[in-house]
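Structure, as structure tokens:
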Amino acid sequence: MESKGVSWLVKTQYIYISSQYGVNKAVTDIWSFFCLSILESLVMVDWKALRGAIVGCLSLLRRKSHVGVVTDNKVKAVAQSYLQNLQVQSLGQHDRKLCFQLMECILDRYPAAVRDLGDNLMYGICEAIDGEKDPQCLMLSFRIVEILSGLFPDPSGPLADFAEDLFEILGCYFPIHFTHPNDEDVDVKRDELSRALMLAFASTPLFAPFAIPLLLEKLSSSLPSAKVESFKYLSYCTSKYGADKMAKHFGTLWSSVKDATYVSPQSSLSTEAGFTSGMGFQDSDIMKQAFVLLQELVQQSNGSFISLILDDEDIKMFISSLNQYEDFDNIPIDIKQRLHAVGRIMSVCANTTIASCNKVFESFFPLLMNYLGLSVAKPSKDSYPAEDYYPPGRLNFGALYLCVELLTACRYLVGFDELTSIHDFSNQTWCVMLHNFSKSLATVFISLLGSNVAENSQNAYVCYGVKGLQNLATFPGSLLAVSKSTYDSILLKLMSVITSDINKTFAWTSAMNSLVEIGSFLDNCPDSERSSSFGSIVVEKIFSLISSDDLTMPLSLKLQAAFEIGATGKNFMLRVVQGLDEAISPNLSAVYAHGNLKSVELTVKLLECYSNKVLPWFHENGGSEEIPLNFALNIWDKIENSRSFNLGSLENELLDATMTAMKQAVGNCSEESQETIINKALGVLLSSNCFRWMESISGNTPLKAEGLQQIHKLDSFAIRDEWITSLIASVVIALRPQTYIPNGKLILQFFITTLLNGHVHVPSAQALGSLVNKLPLKITGTPLSKNFSLDEAVDMIFHSCIWTSCERGSSEIDLSSLRLCSLSTESVKIHAVIGLAWIGKGLIMRGHEKVKDITMTLLSCMISDGNTGSLPNLQHPSNVCNDEDMHHQLMKSAADAFHIIMSDSESCLNRRYHASIRPLYKQRFFNTMMPILSSLMLKSDSPSIRSMLCRAIVHVVSDTPLTAILSEAKKLIPLLLDCLSMMVKDILNKEIIYSVLLIISGILVDKNGQEAVAENAHSIVNQLIELTTYPHMMVIRETAVQCLVAMSELPHTRIYPLRTQVLQAMLKALDDPKWVVRQEAVRCRQAWASIASRSLHF
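Positions 1 to 1098 (the UniProt record's numbering) are the ones given, in order, by the sequence shown.
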């Protein structure tokens, strides 16, 4: 009863306190009650009351000051009661957690109240946390120790007397070893617990005498994870303890780092990394943490630690022995590992502090220069190698590697803005020495890119030659004055690789990456003299290649080089645009006038670069809107001025590339610029033959059904007219919803006519879908006669020659009331169905109710018997097709229309092209259509109609998010299995079959769908077994076997009776001609054999 009263008081304390005028008195009274409850509950062994009392104390302690707080005296009293009477480790996990939260809150928010408790506080905390094993409680325990260390920082204070005992408790937990099962819901992760312990270790220098020996001892562990943790803790503790506490351990620490990185390196050779990361070596986690510790020790020690490294006999002896292994190919792998380790050690030391960098240079740089054949005498003009310098024999690779690593470290050191602004680097020892040899080093690096050493077997030399040149070229001019002539020589050599060594892939890629880094450096650190050199030597040369007829360098490489260099800065990218425009214009002229095949191929690649790289770059990085605007207008100008098109076999490829580029350009423009483009496009359209043809067959009412007869009389569509239609469709597709469309009704009529004509029906259909998706619901802001609303557009479409309505005075829609125009041929109906699909997609994405009419029409096409009248006289006798085949194609098009409606499109109606997208539109369409389609499946007896309904069902389900499918999984699975059994009979349905398998696999692997799967386990297994031998598509067999593997995880009672037939099916699958299917069959057989191991012998 008392425990219930305490719990009630905890819940009502906020109401009680806030309703009283004497807030502080109320807090005091309730606090006294809770303190008394703690004592009584300990005496009475009433753990429930104790829990309530602690929760109440926590609630009061966490109150904000303006609503009443507990005084320090009261807090001290409860802390004393806690330390004297509460045996924390005797409590359950939840109660221990509350106790630790209470102590943490007291220490963190009321430090003054407990500071004078001294030894009693220390002893009580040690007793409370000793032996704790629960992760959540340990997190709090480690936090308590961390706060406690901050509360008593005095080296002669209470913490000093208990430091050893307290750390002895902490040390038992290092390294953290997590053994919780995977399925247990544990809020605390191992990494979080390890970090909390590390913070406790480093919370006070008083722990240093105990922590450092423990961590050094753990470095000898055979567990790699223990070594990684030890190095990580040592690094952090070094930063917190300071150099004074660490100094006596410097020798041991260096020995540990040396052993992990140099004596017994665990770096692995990675073929993917190549020579871009330490000769292809990848540091292990142990080495990475060892280098972090090394950097921390160098930074904290003020020079004393680095002396151990520079005076180390093993390191000095190794560097002195570099002459034994001059040729890279002759260096043993273990020596390469040590060379990599020494390079990393020198690099870490050099890039940590200016003083350490100076010491490294003084110790090693002259020796390295000597190994490279450079004089270490006082610099003079005579001491520099000649411009055509080539090293005698083979250059010492070890010296080259270490030299480049030092350059990279120095470059990293000066890369920090705060260091660059504070320090005068030019007078530093390392900077003076490097300046004296900069020209000599540049010449050596340049020599490595010569033809005599740049073969594939010399990739290592090429890599470090390029890397060295890049470092020299990216030092700030004020810090390392590389002369203009040396800088220009670097750029010229890298450009010579780009233009001449295209067959040497590694050298070409390395040089290109280096030029990109140099360009990016200039963009971030402007230097007028260097920018001028880079522009004239690199930028202009690369862009001149785009329009040149030089075939030694493929256009793909030219465009890659141009874009990568352009991407380093906006000014350079503007030059890319200029170069592309200059190349596209003459090539398009040659294509239109003469149908030049070579020009077609070049123009396609140029346009792809423009649309896939350049325009997206400006969209992402910002830039002038004139770029996409001018591009679109230039294309329209080119078409307007070209009256005849003589295109050949690659016409479609070029048109597709132009359409994509046009959509990208228009989509990146503002509403005002888009209006400029649409006006230009409309002007070209109005003066074209195709528009005059539309007027001639339609008169003033082009949407009447009689216009169909004239549409069929046109046997061909001029190529120029196809281009105009396709490109104006591209413009409309990419418009923003706010963009005003002049002559909107005229454009809509034009697209309906070209849709039914069939020559450019897909772009026209997509444009119609985009129009109904983006047109405003209401007309605002402009005269009614000049604007166009969605309702008008939908009304025009639904009263056009596409449609015939047979409604008999009722607003109710059913399958008998709507159909495609009966005057249409089957081929025109197919075009109309495609158009309706895209129109329906546009409507459903914005949530318009008229989509119901379209879906009903599509359904009527799928279930019609094919006896609707068509006009034979509209068909040329030589083009008469089999009516049954054409009607089958119409039914198939209607079923596939649901894929268009539900799938995501890259070509239109997406966010890139500013489509209006209502949330959850797919789920709503799924919930609307599935009952209708399921009902039609049950009522239909015709195999052809059922096949088409299955096709439509699969399209709707496969493009619906899985979460919506799972809620209907029990109804869907039998329907999908029925679809599978019907689809498997026709080879043309293999893609549909694969889509069904993906749906089933998605349900299988989700916990929310496994109940539905279990209910239909027998049917699913039978169908999957049949598909394991499907001969027409390997991925279907593979997926079917994978689904059977997932089925083995179902409840034993459901799948045990099926084990024999699955194992027999896997015997056949093991003989599959494809290795990937056989591999999955082995997995499946093992999974199912484990179920049947008691009754089957293998």
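Using N, Cα and C, we set each Cβ at its ideal position, and we do this for glycine too.
Per-residue burial, residue i [other beta carbons within 10 Å of its own, 16 or more giving buried]
i	result
H1052	exposed
G343	buried
M983	buried
K218	buried
V1076	exposed
D795	exposed
N427	exposed
K985	exposed
D1071	exposed
F152	buried
A837	buried
Q1086	exposed
G52	buried
S485	exposed
V348	buried
H594	exposed
A260	buried
D853	buried
P205	buried
According to DSSP, residues forming a beta bridge with residue i
i	result
S268	Q282
Residue i (DSSP reduced to helix, strand or coil)
i	result
G579	helix
G450	coil
K359	helix
Q87	coil
Y1030	coil
G468	helix
F645	coil
Q738	coil
M553	coil
G157	coil
F788	coil
I502	coil
A202	coil
I728	helix
T408	helix
P332	coil
R1083	helix
G398	helix
N668	coil
F174	coil
Residue i and residue j closer than 7 Å at C-beta
i	j	result
L469	F506	no
A1069	T1028	yes
A611	A661	Reading the sequence as shown, one finds Ser at residue 611 and not Ala. Result yes, Cβ atoms of S611 and A661 sit closer than 7 Å.
I144	M103	yes
P265	A355	no
E608	A657	yes
A895	M862	yes
Y921	I797	no
S438	V482	yes
Closer than 6 Å: residue i CB and nearest the ligand NAP heavy atom
i	result
I830	The model on display carries no ligand, and the ligand NAP is accordingly not part of it.
Three CB pairs or more closer than 8 Å across the region 278-291 and the region 309-322: These segments do not touch.
Stretch-stretch touch, CB-based, cutoff 8 Å, three pairs: the region 951-969 with the region 765-778: Pairwise C-beta distances place the region 951-969 out of contact with the region 765-778, as fewer than three of them are shorter than 8 Å.
Inter-stretch contact (C-beta, 8 Å, three-pair minimum) for the region 634-645 and the region 718-735: Counting Cβ pairs under 8 Å, three or more are found: they touch.
Three-pair Cβ contact test at 8 Å for the region 904-920 versus the region 965-978: Contact between the region 904-920 and the region 965-978 is absent, because fewer than three Cβ pairs lie under 8 Å.
Three-pair Cβ contact test at 8 Å for the region 530-543 versus the region 564-579: The region 530-543, when compared against the region 564-579, does touch it at the 8 Å Cβ threshold.
Touching by the beta-carbon criterion (3+ pairs, under 8 Å), the region 210-221 and the region 163-182: Between the region 210-221 and the region 163-182, the count of C-beta pairs closer than 8 Å reaches three or more; the two stretches touch.
At least three beta-carbon pairs within less than 8 Å, the region 227-240 to the region 284-300: Yes: the two stretches touch, three or more of their Cβ pairs being nearer than 8 Å.
The region 675-692 / the region 626-633 touching (three or more Cβ pairs under 8 Å): Yes, the region 675-692 is in contact with the region 626-633.
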